[in-house]
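Enquirer:
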Amino acid sequence: HFARDSEPECLESVRELFQYIPQNNSETPPSASGIDPHDRKDEKLLEVVPDNPNQPYDMCDVIRRVVDDGEFYEVHEKFAGNILVGFAHLGGHAVGVVANQPAVLAGVLDIDSSDKGARFVRFCDAFNIPLIVLEDVPGFLPGVAQEHGGIIRNGAKLLYAFAEATVPKVTVITRKAYGGAYDVMNSKHIRGDMNFSWPQAEIAVMGPKGAVEVLFRKEIAEASDPEAATEARIEEYREKFAHPYIAASRGYVDDVIDPRETRPRLISALDMLQNKRDENPIKKHGNIPL
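Below, the structure written as structure tokens:
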């Protein structure tokens, strides 16, 4: 999980870890009384996501601008960098953060990132730690190696972990939420409690460009200006199918929020959900796809 250069650094890291996790599973996670205002809004959140949907950005920047005092205690930092997991405080609440990292492999889910995310989600659920999900995922990583390695089975671990978890679960979609990967990242369809979206988010079965190339291939090929025809269809697809307000009207997200209000809205959701009671069906144990 962690690697440090010296024994004192290692001990200090352990002390820091216990600021976020309880002594046992019957206790509540430790809260923090910081000075970071609950209603703080960060203007930089308007600029952190590039206008170009194919341009990467660092999701760590978003996390640190939202959590208390900008402190994010990352777990498994050197493994599967396309997903970020770690602990933070938000409005004093200890939370586990799961976030896609667009700066690494565009934030796609693959075998390793699915394993990493699932293990962390189940740890947080075991110790009553609420989950915050920051989502920007274009899909699952394609390729023969991933298929032969079991991407479906491993991707299902993350879906299973979120669906099984009974702790408060809140998601913010910052940009892309495509296909099965969108569903896996704590969507409403698998018992997400509160799901928010930024205005520029695209929530759809697949990205506009890929969808247009499949749906309108013949029309584009016959057009006098194929490039212009493609762009027109992409814009039409975005407005009709990928717009976050379409998802909101169907109940897939609870609200489309101003990025600057992400912190206060998350804290409000956690306050509302702190007495959440949720139970899974009575059984010996589930059958996670190992």
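Just so we're aligned: the sequence shown equals residues 7 to 296 in my numbering. Every residue, glycine too, gets a C-beta built ideally from N, C-alpha and C. Every value quoted in this text rests on a predicted model; they were computed, and no experiment measured them.
Below 8 Å between beta carbons: does that hold for L279 and N192?
Expert: no
Enquirer: Mind listing, in chain order, the continuous alpha helix (DSSP H) runs of no fewer than 4 residues lying wholly within the stretch 74 to 137?
Expert: 117 to 132
Enquirer: Determine the DSSP secondary structure at A183, reduced to helix, strand or coil.
Expert: strand
Enquirer: Should the stretch 225 to 232 be regarded as contacting the stretch 168 to 175, the criterion being three or more beta carbon pairs within less than 8 Å?
Expert: no
Enquirer: Looking at the unbroken beta strand (DSSP E) that takes in A210, where does it start and where does it end?
Expert: E208 to A210
Enquirer: When you compare each of V190, R266, E83 and I294 to R46 by their alpha carbons, which one comes out closest?
Expert: R266
Enquirer: In chain order, which alpha helix (DSSP H) runs of at least 4 residues are fully inside the stretch 227 to 276?
Expert: 232 to 243 and 250 to 255
Enquirer: May I have the straight-line CA-CA distance separating D116 from D277, to the nearest angstrom?
Expert: 33 Å
Enquirer: Check the C-beta distance from T236 over to V72 and give it rounded, since I have them as a contact under 8 Å.
Expert: About 36 Å separates the two Cβ atoms, so there is no contact after all.
Enquirer: Could you tell me which uninterrupted alpha helix (DSSP H) segments, each at least 4 residues in length, are contained entirely in the stretch 24 to 70, listed from first to last along the chain?
Expert: The stretch 24 to 70 contains no whole alpha helix (DSSP H) run of 4 or more residues.
Enquirer: Tell me the DSSP secondary structure of L147 in three-state form.
Expert: coil
Enquirer: Hey, how far is the Cα of I240 from the Cα of I209?
Expert: 14 Å
Enquirer: Identify whether L296 lies in helix, strand or coil by the three-state DSSP scheme.
Expert: Look at L296 here: in three-state DSSP terms it is coil, with no helix or strand label.
Enquirer: Residues in its own chain within less than 6 Å of I179 by CB, not counting five upstream and five downstream?
Expert: E141, S203 and A207
Enquirer: Leaving out five residues before and five after R70 in sequence, what residues of the same chain have Cβ atoms less than 6 Å from its Cβ?
Expert: G76 and F78
Enquirer: Using only CA atoms, which one of S39, V176, P108 and R21 lies nearest to N58?
Expert: P108
Enquirer: Would you tell me roughly how many angstroms separate the C-alpha atoms of S19 and E80, rounded to the nearest one?
Expert: 11 Å
Enquirer: Could you tell me the alpha carbon to alpha carbon distance between D199 and P232, rounded to whole angstroms?
Expert: 43 Å
Enquirer: Leaving out five residues before and five after R196 in sequence, what residues of the same chain have Cβ atoms less than 7 Å from its Cβ?
Expert: First, the residue type needs correcting, since residue 196 is Ile and not Arg in the sequence shown. Hits under 7 Å: L165, F168, A169 and D189.
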